[in-house]
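S.K.:
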Amino acid sequence: MPLFLCSIFPKQYLCNMSKVRVRFAPSPTGGLHLGGVRTVLFNYLFAKKHGGEFIVRVEDTDQSRFVQGAEEYIFECLAWCGITADESVVHGGPYAPYRQSERKELYRQYADKLIADGHAYYAFDTPEEIEAMRESRKAAGSGSLQYDAGIRMRMNNSLRLLPEETNALMDAGKPYVVRIKVEPTESISFTDMIRGECSFENANVDDKVLLKADGMPTYHLAVVVDDYLMKITHAFRGEEWLPSAPVHVLLWKYLFGLDEMPQWAHLPLILKPDGNGKLSKRDGDRLGFPVYAMDWTDPKTNEVTKGFKELGFLPEAFLNMLAMLGWNPGTEQEIFSIDELIEAFSIDRVHKTGAKFDFEKAKWFNHQWIQKLPIAHYSARVKTILGGKGIDVPDTIYLEKVLELVKGRSSLLSDFYEQSAYFFAAPASLDIDSVKPKWSEEKNDFFVAFMELIKNNIFVAADMETAFKALAAEKNIKPGELLAPLRIMLVGAKFGPGVFEIAALIGKTETLARIENALKAFNA
RNA sequence: GCCGUGUUGGUCAACCGGUUAAGACGCCUCCCUUUCACGGAGGAAUAACGGGUUCGAUUCCCGUACAUGGUACCA
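Everything in the first sequence is counted per this note's numbering, starting at 537 for the first residue and increasing by one.
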C-alpha cells in the first residue's frame, strides 16, 4: 500500500490574529538603531498584510536609565518613515498606562500569584554571594554557572529557608528579588514564525529574576504580563531574545496558559560591515555612516549622533533598504514602495541569519528613489539643505528644473549641494589649471565672438550649441577644445550636465557674466 | 566554559535532492557621452571541512571548524 506524505507548513499562526506589537526600551543613550526600525517595519508589514492592529510600546525601565526625550524621538523617527501605530505610548489608548513605572503594582500581583502557586520564590542573596556561588561552581568544574535547581537549595532564599525565617528577613527589610522556579525535568518547546520548532531543556534554563529589589519587573515578567493584558497575538523581537524565550513560555504556562501565548518571531540581527558582531553606534562613527534613523542628541552629554534622514536619505529608500536586509521576496524585484512591501511581505521569507550592513547598497537604494520619485516630493528638503550651506533659493520652479537636470548624479539629498551650487551662484573657484596650458589668443577671440553671438541670438540650448559649433568651424578650432573651457567658465570644474543646458538654465546675463569673468582669469 | 542559532561570490542573496548555481551592490573592460554621472553590453568572483543517507547532494543527517547571540536585580 502506497504511503503518502505531505508536508504542512504551520500556517495556523495567521489565524485569530488581532494585534501585533513591537516593544522596546530606548538604549541607555537614546537614539533609534537600524535594527530597531527594521523590527518595527517587519511588525508593521505583517500587521498591515493580515489586517491586524499595530502597537508600538516604548517603555522606561527604571529611572536611572530613563532618557529624556527618547520616547518622542522614536515616534518622530517612525513618523518620518511613514509608520504610524494604532496604539502607542504617546497616544494613550485603551491599555494605558504604558510606562513600566506606572504599572509597577500590576506586575507585583502576578509575581505574588506565581509565588502562591509555587512557581516562584523570594531570594535574598547579595550580588557578592551570587558571584561567590559562580566562582565556587566554576572551581568545582561545573559546566553551568547559573542560579538554578542545582544550586538553589544552597542559596539564601525562601525555598531553603523556613517560612518564619523568610518572614523575619522580610520584616527586617532585607532586600529581596523574586525568581522563577524552573523545574529541571521538563523541556520547553514553541513554534517560532521564522525558525519553526524551537526546543530547550529546562535544565539549561536558570531561575531568572522576575521582580527586582526595587520592585520593578525585569523584561521577562513585564513582557508576559503586558502582552497578556494588552491581548497581543504576535510578538516580533530580535534574535538576541531567543535564549530567554523558554522563560517567557514558562511564565505564560504558569500564569495564563499556553493557549493564550502570542506567536513569536525572532528577527535576525544586523551586523557590522567589517569584522564581527552586532552593528553598533560606534561602528557608524568609525566607518562614516549613520546607524540611527534621525539625528539624536544625547541630553546628558549633548553629543549629536548623525541620522539617515539628515544625511540625505529619503524615507522610502531607507525603509526599502531595511526591508531587503533580512527579507527577500523571492523575485528579482528590489525596489519596493511601502505598499508594495505590505503586498509582497511574507514572514516565512524572513531569513534566520544575520546580515552585514552595506552602506554602499543603502546609497544605491536612495539613488534609485531619487530617480523614481517626483522632484516635488523632496525639493523642499533639498532647499533646506542648500539653505544650510548658505544658498538661498528664492524660486521653487527654478530649483526643480535644476534638480531634474542633476538628479541622476545624486545618491544622497546632500549630494545636491555640490551638484547644483553653481546654478545659484557663480563658481567660487575655477579649475584654471586644466585650461591654462592649452589656452591661446585664438580661443580668447572665439569666446569674445561667442559672447557677441549669444547677446543677439535666441537663448535656447540647442540653438546655442549649433551656433557654438558653427562659430568654432569658422574660427577653425575643434569644438572639443572649446567645450572644456566653457564648462570651467560656467561650472568651475569638469562635471555636471551638458554645458548648453546649464547655460540655458542660468540665463543669458549670468552666462555672459561668467564667461567674461573667466576670460579675465584665463588671460591673466 | 556552558546553552542557543546559523554557515551559497567581498556584501545582500535565489534555487527547499538532478541547474551551465539566478539577480543586486561593489570591482574591472567596452559602448554611449568632446566633462562628471546615468544608461547599455560584457567580465572576474560563491556552496567552510570531514563523514554518512541516496542512483544522485549546495540542498537531508551527524561530527568538526568558524561566526553570532545569550549566559545581569540591561533590554
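Quick reminder that beta carbons are idealized off the backbone N, C-alpha and C, glycines included.
Using C-beta distances below 7 Å, list every residue in its chain close to SER965, excluding the 5 sequence neighbours before and after it, in chain order.
M.R.: Here the set comprises GLY1028.
S.K.: Could you tell me the boundaries of the beta strand (DSSP E) in which ARG593 lies?
M.R.: That run of the beta strand (DSSP E) goes 589 to 594.
S.K.: Would you kindly check if the distance between the Cβ of GLY813 and the Cβ of MET830 is under 9 Å?
M.R.: Going by C-beta atoms, MET830 is not nearer than 9 Å to GLY813.
S.K.: Looking at the structure shown, is HIS756 part of a helix, part of a strand, or coil, going by DSSP?
M.R.: Helix, per DSSP.
S.K.: Can you check which of these residues, ASP743, PHE872 and THR702, is closest to LYS908 by C-alpha distance?
M.R.: Of the candidates ASP743, PHE872 and THR702, the one whose C-alpha sits nearest the C-alpha of LYS908 is PHE872.
S.K.: Are the region 669 to 688 and the region 741 to 758 touching by the rule of at least three beta carbon pairs closer than 8 Å?
M.R.: The region 669 to 688 is in contact with the region 741 to 758.
S.K.: On the DSSP letters alone, give me the boundaries of the alpha helix (DSSP H) that THR526 sits inside.
M.R.: There is simply no residue 526 to check, as the chain begins at 537 and stops at 1060 in what is shown.
S.K.: What residue does the alpha helix (DSSP H) around VAL713 start on, and which one ends it?
M.R.: Here VAL713 belongs to no alpha helix (DSSP H); instead the beta strand (DSSP E) covers 713 to 716.
S.K.: Excluding the 5 residues preceding and the 5 following ASP819 in the sequence, name in chain order all residues of the same chain whose CB lies nearer than 6 Å to its CB.
M.R.: Only LYS808 meet the Cβ criterion.
S.K.: For a test of the three-state rule: what should DSSP assign to THR1045, helix, strand or coil?
M.R.: THR1045 falls in the helix class under three-state DSSP.
S.K.: Can you give me the C-alpha to C-alpha distance between VAL760 and GLU722, rounded to a whole angstrom?
M.R.: About 20 Å.
S.K.: May I ask you to verify whether the region 648 to 668 touches the region 608 to 624, counting CB pairs closer than 8 Å and requiring at least 3?
M.R.: Short answer: they don't touch.
S.K.: Determine contact between the region 711 to 728 and the region 668 to 675, defined as no fewer than three beta-carbon pairs at a distance below 8 Å.
M.R.: These segments do not touch.
S.K.: Does DSSP put LEU927 in a helix, a strand or coil?
M.R.: The amino acid at residue 927 is misidentified as Leu; the sequence shows Ile. Here ILE927 sits in coil by DSSP.
S.K.: Using a Cβ-Cβ cutoff of less than 7 Å, which residues in the same chain neighbour TRP800 once the five nearest sequence positions on both sides are dropped?
M.R.: Once the five neighbours on either side are set aside, the close Cβ partners of TRP800 are PHE726, ASP728, MET729, ALA771 and ALA781.
S.K.: Looking only at C-alpha atoms, which of PRO835, PHE660 and GLY732 sits nearest to ALA704?
M.R.: Of the candidates PRO835, PHE660 and GLY732, the one whose C-alpha sits nearest the C-alpha of ALA704 is PHE660.
S.K.: Quick one: give me the first and last residue of the beta strand (DSSP E) that TRP800 is part of.
M.R.: TRP800 -> beta strand (DSSP E) spans 799 to 803.
S.K.: In whole angstroms, what is the alpha-carbon distance linking GLY778 and ARG731?
M.R.: Contrary to the premise, residue 778 reads as Leu rather than Gly in this sequence. C-alpha separation (whole angstroms): 10 Å.
S.K.: Whether or not the region 633 to 648 and the region 891 to 902 are in contact is what I'm after, with contact meaning three or more pairs of Cβ atoms, one per stretch, closer than 8 Å; do they touch?
M.R.: Contact fails: fewer than three Cβ-Cβ distances are below 8 Å.
S.K.: Which residue's Cα is closest to the Cα of MET1025: GLU1017, PHE1036 and ALA1054?
M.R.: Of the listed residues, the one whose Cα sits closest to MET1025 is ALA1054.
S.K.: Does HIS770 come out as helix, strand or coil in the three-state DSSP assignment?
M.R.: Strand at HIS770.
S.K.: Put GLY709 into one of helix, strand or coil per three-state DSSP.
M.R.: If DSSP states are grouped into helix, strand and coil, GLY709 belongs with coil.
S.K.: Which first and last residues belong to the beta strand (DSSP E) in which ASP648 is found?
M.R.: Per DSSP, ASP648 belongs to no beta strand (DSSP E); it is in the alpha helix (DSSP H), 640 to 652.
S.K.: Contact check, ILE906 vs TYR953 under 8 Å by CB: the rounded distance?
M.R.: Rounded, the Cβ-Cβ distance is 14 Å, inconsistent with contact.
S.K.: Going by C-alpha to C-alpha distance, which of ARG885, LEU747 and GLU978 sits closest to SER637?
M.R.: For the residues ARG885, LEU747 and GLU978, the minimum Cα distance to SER637 belongs to LEU747.
S.K.: By Cβ distance, which residues of its chain are closer than 6 Å to PRO865, with the 5 residues on each side in sequence left out?
M.R.: ALA880.
S.K.: By DSSP, does LEU746 sit in helix, in strand, or in coil?
M.R.: LEU746 falls in the strand class under three-state DSSP.
S.K.: Quick one: Cα of TRP788 to Cα of GLU796, how far?
M.R.: About 8 Å.
S.K.: For THR702, does the count of other Cβ atoms within 10 angstroms reach 16, so buried, or fall short, so exposed?
M.R.: By the neighbour-count rule (16 or more Cβ atoms within 10 Å), THR702 is buried.
S.K.: Could you check how far apart the C-beta atoms of PHE995 and LYS1030 are, in whole angstroms? I think they sit under 8 Å.
M.R.: The Cβ separation is near 24 Å, so there is no contact.
S.K.: Tell me which residues share the same chain as PHE986 and place their Cβ nearer than 7 Å to its Cβ, disregarding the 5 neighbours each side in the sequence.
M.R.: Counting only Cβ-Cβ distances below 7 Å, and skipping sequence neighbours, we find PHE1004 and LEU1007.
S.K.: Check the C-beta distance from ASP834 over to THR1047 and give it rounded, since I have them as a contact under 8 Å.
M.R.: About 49 Å; that fails the 8 Å criterion.
S.K.: Go through its chain and collect everything with a Cβ distance to ALA615's Cβ below 7 Å, but skip five positions before and after it.
M.R.: Correct list: empty, nothing qualifies.
S.K.: Which residue from LEU697, PHE792, ILE990 and ALA916 puts its Cα closest to that of ILE933?
M.R.: Ranking the options by Cα distance to ILE933, first place goes to ALA916.
S.K.: Whose C-alpha, out of LYS674, PHE960, VAL918 and SER882, is nearest the C-alpha of LEU581?
M.R.: Measuring from the Cα of LEU581, the nearest candidate turns out to be SER882.
S.K.: Ends of the alpha helix (DSSP H) at ASP661?
M.R.: First-last for ASP661: undefined, no H or E at that position.
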